[in-house]
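Residue numbers (the numbering used here), protein chains in the order written: chain A, 1 to 315; chain B, 316 to 466.
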């Protein structure tokens with residue numbers, strides 16, 4: 001009689017009745033089992049090594065990102081800022097005003113608040129839109145830009161903010177300021193368009209032209225930077241700001257003379273000090289503007305619109 | 316072969332924690348209940364991050380995506396699903412966790428190089444996602460290895 005053993009690799013035939021044949025079959029079976037177990041152990045080890053490698057790769061990528069950031073950050077500090085662009089210190093000062101400072105200041109030393117208007121909602125991409133029209137020579141625009149930049153930084157992100165100074169021959173000469181010419185603004189909540197219609201360089205009895213408002217935006221200026229929305233004495237004044245078709249600003253919101261003699265860096269640095277006249281004026285104005293922006297965004301984001309300083313400035 | 320208890324418990328706890336934090340961030344995005352409790356300095360600025368252009372993806376808030384991700388993970392890591400004999404469930408769990416980690420790496424890049432600010436609440440979600448990935452990947456490998464050597 002011939003006997004068969006069902007091994008892992010198929011049917012195996014052994015000699016019948018032989019003691020040597022049974023022992024060989026047992027030994028062979030044992031070897032096969034051990035080989036399979038060894039293979040399974042190797043496979044298990046391979047899976048563990050693979051999983052640990054995957055986790056290590058994730059950690060290494062994060063460490064690499066942080067290292068590159070630190071290295072790049074050092075280079076940024078060492079590299080001089082391109083002409084006309086705000087330095088990292090100025091941008092940081094404007095975009096990271098501490099909440100404690102904002103809350104302590106509330107409306108600060110604001111002298112003129114945005115005026116509510118009854119007009120069609122101003123929107124873009126289904127978001128409330130803010131239009132700013134000013135000029136680099138204009139000292140009142142110089143003052144307003146600081147507050148606008150602070151307020152808008154709470155709702156989104158600035159890129160390529162420029163720096164400029166007001167005209168050397170106008171009121172409050174050479175007032176240091178930011179420039180919205182060439183700057184971009186990205187936000188989930190708002191759309192912003194800024195026009196600097198001229199530079200601060202005299203040209204033919206006026207100043208060299210820079211940005212040209214679109215026909216639609218120029219129509220906004222013509223319509224709302226005029227009586228009865230603003231007093232006849234300030235009709236046509238810049239800066240002109242339209243906040244979502246619900247509020248307008250015409251002229252400066254605070255006494256810009258406080259910025260006289262200060263550099264961009266000094267102004268930006270002063271914004272975190274709740275006791276400085278600069279912060280009281282600029283951050284106070286920013287809080288007032290923020291409160292009105294919150295009215296057009298439906299009080300979102302809550303992290304901005306429920307800031308005690310913004311709430312207080314809006315009442 | 317049932318998964319080890321530590322794997323079931325830790326993955327469930329991480330999914331619950333991730334759901335809670337991403338839920339808070341989503342709530343902050345949509346409501347006016349309270350501002351994000353977050354320190355603020357030159358490096359850490361939650362508002363700057365949560366209001367940046369990177370806070371949405373094709374119009375969908377990233378916070379909401381995070382909440383949906385963790386709700387899916389909550390289901391996948393529930394004790395019932397760990398006991399389930401559904402085919403390919405382990406692979407689906409790992410695939411979702413890998414997707415989460417990939418998105419976290421993108422968000423970390425955005426915070427470091429585009430927004431130039433760190434949001435602590437977002438970072439805690441990132442950390443939970445990475446630990447979740449590590450727990451699932453290593454746990455799954457150990458479990459399948461153990462099952463293989465026992466069979």
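Using N, Cα and C, we set each Cβ at its ideal position, and we do this for glycine too.
Closest Cα partner of residue i within the set the options
i, options, result
"residue 205(A)", "167(A), 234(A) and 40(A)", "167(A)"
"residue 280(A)", "258(A), 266(A), 265(A) and 291(A)", "258(A)"
"residue 396(A)", "127(A), 155(A) and 165(A)", "Nothing can be reported for residue 396(A): it is not among the residues displayed for chain A, which extend from 1 to 315."
"residue 178(A)", "24(A), 282(A) and 32(A)", "282(A)"
"residue 388(B)", "427(B), 421(B) and 444(B)", "444(B)"
"residue 208(A)", "136(A), 98(A), 231(A) and 112(A)", "136(A)"
"residue 325(B)", "423(B), 421(B), 433(B) and 397(B)", "397(B)"
"residue 352(A)", "230(A), 33(A) and 254(A)", "Not covered by the structure: residue 352(A). The range shown for chain A is 1 to 315."
"residue 188(A)", "55(A), 30(A) and 300(A)", "300(A)"
"residue 432(B)", "440(B), 439(B) and 423(B)", "423(B)"
"residue 260(A)", "203(A), 26(A), 297(A) and 170(A)", "170(A)"
"residue 379(B)", "450(B), 344(B) and 421(B)", "344(B)"
"residue 340(B)", "393(B), 450(B) and 435(B)", "435(B)"
"residue 192(A)", "128(A), 26(A) and 296(A)", "128(A)"
"residue 199(A)", "249(A), 134(A) and 220(A)", "134(A)"
"residue 61(A)", "376(B), 421(B), 393(B) and 390(B)", "421(B)"
Strand pairing of residue i, partner residues [DSSP]
i, result
"residue 85(A)", "162(A)"
"residue 371(B)", "376(B)"
"residue 243(A)", "130(A) and 247(A)"
"residue 206(A)", "203(A)"
"residue 156(A)", "187(A)"
"residue 124(A)", "127(A)"
"residue 421(B)", "Paired residue(s): none; residue 421(B) is not in a bridge."
"residue 176(A)", "165(A)"
"residue 198(A)", "209(A)"
Alpha-carbon to alpha-carbon, residue j and residue i
i, j, result
"residue 96(A)", "residue 290(A)", "15 Å"
"residue 410(B)", "residue 213(A)", "50 Å"
"residue 39(A)", "residue 72(A)", "48 Å"
"residue 308(A)", "residue 49(A)", "53 Å"
"residue 180(A)", "residue 130(A)", "13 Å"
"residue 2(A)", "residue 21(A)", "For residue 2(A), the pLDDT reaches just 46, beneath the cut-off of 50, and the residue's location in the model is therefore unreliable, although a value from the coordinates is still provided. So the two alpha carbons sit approximately 12 Å from each other."
"residue 77(A)", "residue 115(A)", "Summary for residue 77(A): the model assigns pLDDT 41, below 50, so the residue's position carries little reliability, and this model does not support an answer."
"residue 226(A)", "residue 236(A)", "6 Å"
"residue 141(A)", "residue 365(B)", "29 Å"
"residue 201(A)", "residue 123(A)", "33 Å"
"residue 275(A)", "residue 105(A)", "8 Å"
"residue 335(B)", "residue 328(B)", "11 Å"
"residue 67(A)", "residue 363(B)", "22 Å"
"residue 255(A)", "residue 277(A)", "10 Å"
"residue 322(B)", "residue 51(A)", "14 Å"
"residue 455(B)", "residue 337(B)", "25 Å"
"residue 85(A)", "residue 163(A)", "6 Å"
"residue 273(A)", "residue 233(A)", "35 Å"
"residue 251(A)", "residue 373(B)", "37 Å"
"residue 441(B)", "residue 317(B)", "29 Å"
"residue 30(A)", "residue 404(B)", "34 Å"
"residue 215(A)", "residue 194(A)", "14 Å"
"residue 402(B)", "residue 43(A)", "20 Å"
"residue 218(A)", "residue 211(A)", "12 Å"
"residue 306(A)", "residue 89(A)", "27 Å"
Check: residue i C-beta below 7 Å from any heavy atom of the ligand MN
i, result
"residue 344(B)", "By its list of ligands, the structure shown contains no ligand whatsoever, and the ligand MN lies outside what it can speak to."
Contact check, residue i vs residue j, beta carbons under 8 Å
i, j, result
"residue 132(A)", "residue 241(A)", "yes"
"residue 319(B)", "residue 458(B)", "yes"
"residue 153(A)", "residue 183(A)", "no"
"residue 334(A)", "residue 262(A)", "With chain A covering only 1 through 315, there is no way to say anything about residue 334(A)."
"residue 275(B)", "residue 333(B)", "Given a span of 316 to 466 for chain B in the structure shown, any question on residue 275(B) remains unanswerable."
"residue 313(A)", "residue 107(A)", "yes"
"residue 69(A)", "residue 427(B)", "yes"
"residue 190(A)", "residue 91(A)", "no"
"residue 265(A)", "residue 87(A)", "yes"
"residue 119(A)", "residue 224(A)", "yes"
"residue 293(A)", "residue 151(A)", "yes"
"residue 267(A)", "residue 147(A)", "no"
"residue 437(B)", "residue 303(A)", "no"
"residue 367(B)", "residue 156(A)", "yes"
"residue 288(A)", "residue 113(A)", "yes"
"residue 55(A)", "residue 452(B)", "yes"
"residue 448(B)", "residue 407(B)", "no"
"residue 57(A)", "residue 253(A)", "no"
"residue 392(B)", "residue 352(B)", "no"
*May I ask you to list, following chain order, the residues of the segment 38-51 of chain A that have a beta carbon less than 8 Å from some beta carbon of chain B?*
40, 41, 43, 44, 45, 47, 48, 50 and 51
*Between the segment 154-168 of chain A and chain B, which residues of the former have a C-beta closer than 7 Å to a C-beta of the latter?*
154, 155, 156 and 157
*Members of the segment 270-283 of chain A that neighbour chain B once the beta carbon cut-off is set at 8 Å*: Against chain B - using a Cβ distance shorter than 8 Å - the segment 270-283 of chain A contributes no residues.
*Please list the residues of the segment 174-195 of chain A that have a C-beta atom closer than 8 Å to any C-beta atom in chain B, keeping them in chain order.*
Of all residues in the segment 174-195 of chain A, 186, 187, 188 and 189 have a Cβ within less than 8 Å of some Cβ in chain B.
_chain B contacts from the segment 52-69 of chain A (Cβ-Cβ distance under 9 Å)_ = 52, 54, 55, 58, 59, 61, 62, 65, 66, 68 and 69
_Residues, ordered as in the chain, of the segment 117-133 of chain A that lie near chain B by beta-carbon distance below 8 Å_ = Result list empty, no residue passes.
*Using a beta-carbon distance cut-off of less than 7 Å, what residues from the segment 401-433 of chain B approach chain A?*
Along the segment 401-433 of chain B, the positions whose C-beta sits under 7 Å from a C-beta of chain A are 416, 420, 423, 424, 427, 428 and 430, read in chain order.
*Taking only beta carbons into account, state which residues of the segment 281-306 of chain A come closer than 8 Å to chain B, listed in chain order.*
299, 300, 301, 302, 303, 304, 305 and 306
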